[in-house]
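The block underneath contains the structure these notes are about, expressed in structure tokens.
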Amino acid sequence: MKDRTSHRFAARTVAAVLSVGALAIPAQTALAASPPDAASTAPVTVADLADSSSAQQRWISEPDSRIALNPSHSQTDDARPKADNGLDTMFYADQQKRTTDGVVRNTFTQGEAPTSVPPVYDEGDASPLLSETFGEGTSSRWRSTNNGGTISATAQGGVVTPAPGTDWGAVGRDLTLDVDTDPVLLVSVAAAAKWALKIAPEGKGDIVVQNDVATTGTFAYDLKALGIPSGKATIKLFASGNGAATFRAVSVHARPAFVDDFSDLSAWRTNVQSNNGATIAPAASGHGATITSSSRDGFGAVARTVTVDLSASPVLTLAVGPLSTGSQWALKLTGTDGSGDFATIQNDTAATGVFSYDIAALTGRTGVQTFGVKLFSTKTPTPTSATFTRISFHGSNSWTQAPTAATNTWNPQSLDWTGTYGDAGSYSTRDVFVDADTVSRLVSPAGLRGGAPTLTGNFSDAASWDAAGRALTVTRDGFTRAVGFPADAQVLFFDTLAAASLGAGGTTAPTTSSRTWLALLPADRESAIGLGYAYGTGDAPARAAAASAVAGTDTSAVRAALDSRTQEWNDYLARVPAVTDFSLHAVDAVGVSPEAIRAIYYRAFVALAQTVVPPQPESGISHSQVATGKAATYNGGSARNRASASWDSLLGIQYLAYTEPDLAWDSLIGMLADVESDGGLNGESLPSRKAQTAWMLYSVTGDAEKLAQVYPAVKAHMTWSSEHLAWNIDSHFPGGGVSAADERDAEFVNSLAIDLQYAAQSARVLGRDADAEGFTTLRNTLLAQYQEWFFMPDGKAVQYYWTSRPDATYDQRKGTVNYVGTGLHLPGLTDGETAAIMARFDEEYDPSQQFAGTASDALKAPDAQFIAYGLLEHGQTRKAQVYLEATLRDITRTHKFSEVYQAGKNGAEPISRGESPTTFGMAHVIDNLWILNGFRSDEGTPTFVRLPGATGGVSGLNYLGRPLAVGIDGTQIALTGDAAGQPGVCDRVDATEGQSIALSTSCAPVTLSRTSVAAGEKVTLHASKLPASTPVRVELHSDPLLLGTATTTAEGTLDLEVTIPAGVETGAHTVVVTSGVASGQAGLAVTPAGTPGGDDGGTGGTPGSNGTPGAPAGSNGTSTGANGLASTGGDLLSVLLPGLMAAAALAAGLIVLRVSRRRAATADATHGSSRTGSAEHGE
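When the letters of the sequence shown are read in order and numbered with mature numbering (1 follows the signal peptide of the UniProt record, and there is no 0), they come out as residues -32 to -1, 1 to 1147.
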């Protein structure tokens, strides 16, 4: 093994020294905006981010609000825009996410509400040939035809009864059939001993449509297929088996656009999500199919794929029954492969009969759509069974109309929609936060003719209706919400959304069964529906929510709020660090434009701010949270930070610090407040990034007080984490049977070992050197454990080790390549060990594939970060660039900020899955772009890297509370801003391609009064850009000789006359000036004593810059000359941090600390020195 020095760790430590006491680069008390970079583009505004594409995100929020609009309902939620602009909401209360669906939807109505409801048995036929529901006048329409049968109308339907003393009888109704236009005969039977159905064409005998059967339900028959001719005929209903038969309905109508009568089950699949072993088979009656579930989970499902034009055939009608005793059924829509359920159409119910659902209205989808229909048999006792006899898609007789065309647009400040209703015109809506507790839907008609904008919404519990105040208030799940209606709106209430769409039976006040409201709004002026929210239940929250809702109906207030939000987000976007280059240089763009990357970058920062959850004091904590995803489903964090995963959220906090530093600190303080006395953080245990996050926030803001505030929790958690080195939910041992406590996960061990280095930095800044040594010792222990656990005897790198199963095979232990690949970023591994990890990565790496071939399974931001850093640190520059660009490109293609990304199957579009939206996806985009533009933020200390062909930069950054801008200028990195002007900071450094360079303070300009001098003579030096009023040493190198000491002026300058000792060897020397961590140098030629003096007025050195050194200025600092040798510990870094001087090198007149591509541990040489990738691994 080669003996390598940990340059990267040394660079971090030097950065820590920059901030210690009087030696520090002074931190600003408040962040200031960086001056604009000349190369940057015009400021981005909300108008630049507006997205009307079909892939747009649909959620928004505000950092000070508990409300999120359009949250995810599951990890496979369908988040596409909806034609009806259906709005769902999430409200945070008691650390729980309370979701309410269908809060408001857009539709359109013409004319007054109908007085009667069209039958559901006509399958959408607006003019069926026959539509009989056995109401008033039944006996006059039907006559006795066989054996004295009679019919009477009841609430349950038409009851056919045989004549007394007979066991069967029939009634008939005459009509003229047209089997080409209306071939479908549908009959629904509620109860019967037995029943039958026949048709008698005029002048001919009976044709059997259905023989005697006892089965009840709804049945459809194709008259043309049965050979029944068009013309006059009699439809006959029979009751037999010595009993009556009850018929709900009979209709004859046109064939629907899609129909499945379950006579052929080949389209139905059981290999679908939620199947749980359920089966589907022909029903025992011979009609339809029966789904049977024997699962202990109490449900099972089957599914089939349909392709339907939902604009022409928006309604799904399903005939259900019978059910086995205790059974229920349910209906969902799902993906084409039977997974990814995106809409629950019917929750568990024991009702049987015919049910119709407006799928276009319920899902917001229009046009030709392909999706899955999933049918469930549910409840207990098992087995459960449910029989289905017919499913169809057809047109609608609804009063409410779906738009003929609709456009949705996402903006940071609002969700916009425009719907067109054919010749009747159009109207638009905008959803906007009026304040933290109020959301309004602003409705703007545009030349509507003969109709009205009509909004509907659901409420799940009995509601309180204030007719005078125009507010509907609902309290549930620990919070209260209200809907406010404008004074000139007509408001009606219905039991269901389906009933509201038909229009008949609405009431002017809600009944105990009402669950849907409908509001007809003015067609000639703007109006608004207000949504008000309040935490808690009872009178006070109800009044507050109602007041907010009513205030949200004031259109002038809504317009003002919209203007305010627009300005707020424009101001925020101006604070986002500006990236110069959004181009892809190393991979095929596959149609991804720089503009698309630019948009997703700024949207990532908007999402970071919007994912902040304000304090929930009811849970005992007064801090904000950077949620894993405010609109995501995740809620597995610690007790008082349930929405915050202690991994995902930390990455979000790190980047939010650049735009909202106070919120970032507040969120970190709040999360770490849940660290318990033993150092544990309850909730889901995840790889550690706590210390890094604290260090990065300190590095950005310079706030040592807050660093000190979180430090005790960080310290305690480091020890706890070293004893919990895997996920705490379950073991990953294939097939199970191994305790989670026995598992060791390379991702966890590696993350903690790296995090301990950041903890040591924080300790040193806070003057806790003993703690820093303890962190280093623990880190070395983890390094040794990593080497022992995560390499097979043949040297192969793996992810898992189980203490109870040391005999586990490679296939059992190998894990996921991206989790193994994080080890590339771990200092201290041997060459052989690093090569083994690289080999795992190279097995999948393919520059031509999505995500560079590395996402066949799963790719997450924190792992991808460590891999990218590791590739750079091991000299794999081109590979790192390809990896960064490919992942950035393919995340952009998904249009989502997700927990996990994966390559599309068989060349399909890249996949986003897991929780969404999440901070992982946001951080991934930001970090990749910054590195591609020359800046690495992960070290805390600004670190720079130049990749092949890179020409970009990042402005608007901050370091220790001072503005900083980074630009790639040819082969150099140029720095501007107040941070670059601090003592000794190099504002321009040479950047070898692919090599990471930490911020250096070795560039204080030094000018000498002459360029050569005879030994024993004097020379006057001038230095500037040094710390103010700070001790300074002047030395002659290369063998250090102390020439003098002094104190800088209040302006950070020094003028000092020193004597070159008479015994100095002649030749080229360097005068080095050191004050704190700032230093500078100038070249000096020394000639033999007694020779003529060198040039007067010569120029000095130009350390680290192409600029001209400053001329002598300012008053002289107080000084003391010295001719003796400088002590070995004379360099200030060596005094403070023994052993780290090896990390610094004098090169080309410039002291820079370069992040080594071959990092080694700070452990002593025994760690890993005997491990050479041989069979020793894993012993």
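Backbone N, C-alpha and C fix where the C-beta goes; we use that ideal spot for every residue, glycine too.
Quick check on residue 760: does DSSP put it in helix, strand or coil?
Correct three-state label for residue 760: coil.
What separation, rounded to the nearest whole angstrom, lies between the Cα atoms of residue 548 and residue 784?
C-alpha separation (whole angstroms): 35 Å.
Using a Cβ-Cβ cut-off of 8 Å (strictly less than) and excluding sequence neighbours within five positions of residue 64, which residues of its own chain qualify?
Within the same chain, residue 64 has close Cβ partners 445, 446, 603 and 610.
Would DSSP call residue 695 helix, strand or coil?
Of the three classes helix, strand and coil, the one that applies to residue 695 here is coil, per DSSP.
Leaving out the 5 sequence neighbours to the left and right, which residues in its chain are closer than 8 Å to residue 792 when beta-carbon positions are compared?
Counting only Cβ-Cβ distances below 8 Å, and skipping sequence neighbours, we find 802, 805, 806, 809, 834, 835, 837, 838, 839, 841 and 842.
Can you name, in chain order, every residue of its own chain whose Cβ lies under 7 Å from the Cβ of residue 472, other than the five neighbours on each side?
Hits under 7 Å: 81, 82, 83, 84 and 85.
Threshold first: 3 residues or longer. Then list the beta strand (DSSP E) segments lying entirely within the region 640 to 720, N to C.
Counting only runs of 3 or more, we get 711 to 713.
Are the region 190 to 206 and the region 132 to 147 touching by the rule of at least three beta carbon pairs closer than 8 Å?
The region 190 to 206, when compared against the region 132 to 147, does touch it at the 8 Å Cβ threshold.
Return the residue from the list 977, 432, 415 and 323 that minimises the CA-CA distance to residue 490.
Per the Cα distances, 415.
Can you check DSSP and say which residues form a bridge with residue 403?
Paired residues: 406.
Is it buried or exposed, residue 493, if we count other Cβ atoms within 10 angstroms and call 16 or more buried?
Flag for residue 493 reads exposed.
Output the distance between the C-alpha atoms of residue 976 and residue 953, rounded to the nearest integer angstrom.
Taking the straight line from one Cα to the other gives about 20 Å.
For a test of the three-state rule: what should DSSP assign to residue 912, helix, strand or coil?
Strand.
From the DSSP output, in three-state form, read off residue 264 for me.
Residue state, collapsed to three classes: coil.
Return the residue from the list 897, 143 and 101 that minimises the CA-CA distance to residue 123.
Of the listed residues, the one whose Cα sits closest to residue 123 is 101.
At what residue ranges does the region 453 to 501 contain a whole run of the beta strand (DSSP E), taking only runs of 3 or more?
You should have 458 to 462 and 484 to 488.
Tell me, to the nearest whole angstrom, how far the beta carbon of residue 620 is from that of residue 675; I am working on the premise that it is less than 8 Å.
With a Cβ gap of about 19 Å, residue 620 and residue 675 do not count as contacting.
Check residue 740 in the structure and name its three-state DSSP category.
It is helical.
Could you check where the alpha helix (DSSP H) with residue 847 kicks off and where it finishes?
Here the alpha helix (DSSP H) through residue 847 covers 845 to 862.
Between residue 1148 and residue 768, which are expected to be in contact by the criterion C-beta below 8 Å, what is the C-beta distance as a whole number of angstroms?
The first residue shown for the chain is -32 and the last is 1147, placing residue 1148 beyond what the model contains.
With C-beta atoms as the reference, is residue 996 less than 7 Å away from residue 1031?
No, they are not a contact pair.
Within 10 angstroms of its Cβ, does residue 23 collect 16 or more other Cβ (buried), or is it exposed?
The residue is exposed, with fewer than 16 neighbouring Cβ atoms inside 10 Å.
Quick one, are the C-beta atoms of residue 827 and residue 786 less than 7 Å apart?
Closer than 7 Å, so yes.
With respect to the alpha helix (DSSP H) encompassing residue 566, which residues constitute its N-terminal and C-terminal limits?
562 to 578 is the span of the alpha helix (DSSP H), which, as asked, contains residue 566.
For the candidate residues 879, 994 and 775, whose alpha-carbon lies nearest to that of residue 825?
That would be 879, whose Cα lies nearest to the Cα of residue 825.
Starting from the C-beta of residue 898, find all residues in its chain whose C-beta is less than 8 Å away, skip the five residues before and the five after it, and write them out in chain order.
Excluding positions up to five away in sequence, the list reads 545, 547, 904, 905 and 922.
Using three-state DSSP, classify residue 102 as helix, strand or coil.
Residue state, collapsed to three classes: coil.
What ranges does the beta strand (DSSP E) occupy inside the region 1030 to 1059, keeping only unbroken runs of at least 3 residues that lie completely in it?
1035 to 1043 and 1046 to 1055, all fully within the region 1030 to 1059.
If you count every other CB in all the chains shown that lies within 10 Å of the CB of residue 1155, and 16 or more means buried, which is it?
Outside the displayed range of the chain (-32 to 1147) lies residue 1155, so it cannot be described from this structure.
Buried or exposed for residue 907, going by 16 or more other Cβ atoms inside 10 Å?
Buried, since its Cβ has 16 or more Cβ neighbours within 10 Å.
Mapping DSSP to helix, strand and coil, what is residue 35?
Strand.
Would you mind giving the Cβ-Cβ distance between residue 400 and residue 530, rounded to the nearest angstrom? I have them listed as a contact below 8 Å.
So it is a contact: roughly 5 Å between Cβ atoms.
Pull up the CB-CB distance for residue 151 and residue 192, whole angstroms please, since I reckon it's below 8 Å.
So it is a contact: roughly 4 Å between Cβ atoms.
Please name the residue in 455, 128, 376 and 686 whose C-alpha comes closest to that of residue 388.
Minimum Cα distance to residue 388 is reached at 376.
Starting from the C-beta of residue 514, find all residues in its chain whose C-beta is less than 8 Å away, skip the five residues before and the five after it, and write them out in chain order.
Excluding positions up to five away in sequence, the list reads 434, 437, 439, 441, 450, 452 and 500.
What separation, rounded to the nearest whole angstrom, lies between the Cα atoms of residue 646 and residue 716?
In a straight line, the C-alpha of residue 646 is about 19 Å away from that of residue 716.
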